[in-house]
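A.B. asks:
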Amino acid sequence: MTVEGLLEHGFSPVAMPDGSRTIDGVYIGDLLSWVMGRAQMDNAWITIMSNNNVIAVASLADTSCVILAEGVELSQDLKDLAMAKDINVLSSPKSAYEIAVTLSGLLA
Amino acid sequence: MSDALVFHFDVDGENFTSAGQASTAVKRNLRQLGLPPEIIRRVSIAMYEGEINMVIHANGGDADVIVHEDCIEIILADKGPGIKDISLAMQEGYSTAPDNIRSLGFGAGMGLPNMKRYTDSMNIETELGVGTTITMKVNLT
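Heads up: the sequence lines are chains A and B, in that order. Residue 1 is where the first sequence starts when you use this note's numbering, and the numbers rise one by one after that. Residue 1 is where the second sequence starts when you use this note's numbering, and the numbers rise one by one after that.
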């Protein structure tokens, strides 16, 4: 499953500098140190946080994309930052749980 | 033996939202050196946690990353309040960070544990009222 492949399943692109990245797992969390400690490289990271530290953590933890749950939006500045840092960001109106269920089916 | 490569950064204690610039720069530099992605990931996460700690608790400090032949050494030095109880600070979930930091997604009490998790060795020298120096190493072999 690639990041851009998610666009066919109800996810909206927020920033997609590298849509060809592979998703090989999922991590859900809003506390950034938990994400850095537990998320694996190439995971899709589901969160409701939307500050610039999210972009930094996604970059350092090397997740394949950030998925903003519950319709959370990113400011234009952060969209630009995500593009500059090569961080894919998608959004969904669904809850983190519903997104995880969708991804579970897609990654199976 | 060739000279070690050193990257130095001043971590700005005033600017919380831009914290991470040093670790992001280190990540880029290590990538240019062609190091394995998992090594780069471990070094940059450990450094980011340290950088965040210096901003939250110590009003900034100095960060040095030294690329040796057999390891990458990260030295984070601050002139902050020092760590009162290191074993408590090393416990997952223990935090003295203020509430405004938590609203940004930090302050979960996972900073020092993550630094230990992602490095092969970690040494903390701290003195109350004087400062803290943390030295971490990630082995390359």
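Yeah, the Cβ is synthetic: ideal placement off N, Cα and C, and Gly gets one too. It should be emphasised that the depicted structure is a prediction, and the values quoted were computed from it without experimental measurement.
With DSSP as the reference, label B:Thr119 as helix, strand or coil.
C.D. replies: Correct three-state label for B:Thr119: coil.
A.B. asks: Could you tell me which chain B residues have their CB closer than 7 Å to the CB of A:Ser33, listed as they occur along the chain?
C.D. replies: Residues of chain B passing the Cβ test: Glu49, Phe106, Ala108, Met110, Gly111, Asn114.
A.B. asks: Quick check for students: name the residue ranges of the alpha helix (DSSP H) that lie wholly in the stretch 23-76 of chain B, counting only runs of 4 or more.
C.D. replies: The qualifying runs are 37-58.
A.B. asks: Between A:Val57 and chain B, is the shortest Cβ-Cβ distance under 9 Å, so that the two count as touching?
C.D. replies: So yes, A:Val57 belongs to the interface.
A.B. asks: Taking just the CA atoms, how far does B:Val65 sit from A:Ala44?
C.D. replies: For A:Ala44 and B:Val65, the distance between alpha carbons rounds to 29 Å.
A.B. asks: Kindly list the residues whose CB is nearer than 6 Å to the CB of B:Ala77, restricted to its own chain and excluding five residues on each side of it in sequence; keep chain order.
C.D. replies: For B:Ala77, where only same-chain residues beyond five positions count, the Cβ hits under 6 Å are Gly61, Asp62, Thr133.
A.B. asks: Would you list the residues sitting across from B:Asn139 in a DSSP beta bridge?
C.D. replies: Bridge partners of B:Asn139: B:Cys71.
A.B. asks: Taking the beta carbon of B:Lys84 as the centre, do at least 16 other beta carbons fall within 10 Å, making it buried, or is it exposed?
C.D. replies: It is exposed - the Cβ of B:Lys84 has fewer than 16 other Cβ atoms within 10 Å.
A.B. asks: DSSP beta-bridge partners for B:Glu127?
C.D. replies: DSSP, once it has assigned bridges, lists B:Gly131 as partnering B:Glu127.
A.B. asks: Are the CB atoms of A:Leu31 and A:Val66 within a distance shorter than 9 Å?
C.D. replies: It is not a contact, given that the beta carbons lie outside the stated cut-off.
A.B. asks: Between the Cα of B:Met115 and the Cα atoms of B:Glu127, B:Met90, B:Thr141, which residue gives the shortest distance?
C.D. replies: Cα-wise, what sits closest to B:Met115 is B:Met90.
A.B. asks: Does the Cβ of A:Tyr97 have 16 or more other Cβ atoms within 10 Å, making it buried, or fewer, making it exposed?
C.D. replies: Counting Cβ neighbours within 10 Å, A:Tyr97 comes out exposed, since fewer than 16 surround it.
A.B. asks: Below 8 Å on the Cβ atoms is my guess for B:Ile72 versus B:Val138; work out the distance and round it to an integer in Å.
C.D. replies: Yes, B:Ile72 and B:Val138 are in contact; Cβ-Cβ is about 5 Å, under 8 Å.
A.B. asks: Give me the chain A residues within the contact set of B:Ser23, using Cβ-Cβ distance strictly less than 7 Å, ordered along the chain.
C.D. replies: Within 7 Å Cβ-Cβ: Leu60.
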